[in-house]
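A.B. asks:
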Amino acid sequence: QLNQQLATLQQSMEAHKNQVNVLNSHIQQLQTQLAEAQTQARSFSAENVQLKQQIGPLQAKVNELTQEISAKNKRIEELKEPKPVMPSTLASTSPYPSSQQPTMPTPAPTPSIPSTEPTISPKIGLGTGIRRVCPNCGSTAIKEVEDKTKIVSYIPKPIYAKKNICTKCGYEF
Numbered sequence: 001q002l003n004q005q006l007a008t009l010q011q012s013m014e015a016h017k018n019q020v021n022v023l024n025s026h027i028q029q030l031q032t033q034l035a036e037a038q039t040q041a042r043s044f045s046a047e048n049v050q051l052k053q054q055i056g057p058l059q060a061k062v063n064e065l066t067q068e069i070s071a072k073n074k075r076i077e078e079l080k081e082p083k084p085v086m087p088s089t090l091a092s093t094s095p096y097p098s099s100q101q102p103t104m105p106t107p108a109p110t111p112s113i114p115s116t117e118p119t120i121s122p123k124i125g126l127g128t129g130i131r132r133v134c135p136n137c138g139s140t141a142i143k144e145v146e147d148k149t150k151i152v153s154y155i156p157k158p159i160y161a162k163k164n165i166c167t168k169c170g171y172e173f
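In terms of full-length UniProt numbering, the sequence shown opens at residue 1 and continues consecutively.
#1: Can you grab the Cα-Cα spacing for the pair residue 131 / residue 148, in whole Å?
#2: My output table needs one value for residue 72: the three-state DSSP class, helix, strand or coil.
#3: Work out the CA separation of residue 61 and residue 160 for me, nearest whole Å.
#4: Can you say whether residue 166 is buried or exposed, counting buried as having 16 or more other CB atoms within 10 angstroms of its CB?
#5: I'd like to confirm the pairing. Which residues does DSSP put opposite residue 172 in its beta bridges?
#6: Under a three-way DSSP split, which group does residue 174 fall into?
#7: Using the C-alpha atoms, what's the distance from residue 79 back to residue 164?
#8: Grouping DSSP H, G and I as helix and E and B as strand, with all else coil, what is residue 143?
#9: Could you tell me the alpha carbon to alpha carbon distance between residue 155 and residue 77, rounded to whole angstroms?
#10: To which residues of the same chain is residue 143 closer than 6 Å at the C-beta, ignoring the five residues directly before and after it?
#11: Residue 1 to residue 29, Cα distance in whole Å?
#12: If you draw a straight line from the alpha carbon of residue 150 to that of residue 162, how long is it in whole angstroms?
#13: Closer than 6 Å by C-beta to residue 170: which residues in its own chain qualify, once you throw out the five before and the five after it? Chain order, please.
#14: Here's a check: name, in chain order, each residue in its chain whose Cβ is nearer than 7 Å to the Cβ of residue 136, leaving out the five neighbours to either side.
#15: Measure the alpha-carbon distance for residue 57 versus residue 64 and round it to whole angstroms.
#16: For residue 27, does the three-state DSSP call read helix, strand or coil?
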């Protein structure tokens, strides 16, 4: 009976030794996997640092290219606008058709009646400028507007040529 117990205990001890050996080999495998995982983590960390160092110059390049694109788009918009007319061109061309020159209406002669009212001197209140006259209908009701089709200058802001429009007949000159 003691031999039987001894035999069962020895079998049990062998089984436990086998179990310990299996567990030891399993521990070895896990330690190997842990070492590999730590090595891989360090590798990933180093790669991450390297990629972060590469991001800085690339981001600067992206910003530079974005600014260049916006500058080129602005230049394209400037080139799409109509070209300015040079002042010498404006001076050489007459704003009136060749057959129609502006005419000044002649005032009707007034009889010279001596008046007791004092005459207004030209220095007071009267402008020295000549009134513009419509070449089509002779009206002096003229308004001056910007001609957006003719650009005189771009600097500091677009300056357009002026054109006259008769408020009575709508004639543009």
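Glycine is no exception: its CB is placed at the ideal position from the N, C-alpha and C atoms.
All values reported here derive from a predicted model rather than from experimental measurement.
C.D. replies: Taking the coordinates as given:
#1: 24 Å
#2: helix
#3: 40 Å
#4: buried
#5: 165
#6: Outside the modelled stretch of the chain, which goes from 1 to 173, sits residue 174, for which no answer is possible.
#7: 28 Å
#8: strand
#9: 15 Å
#10: 165, 167
#11: 42 Å
#12: 9 Å
#13: none
#14: 166, 169, 171
#15: 10 Å
#16: helix
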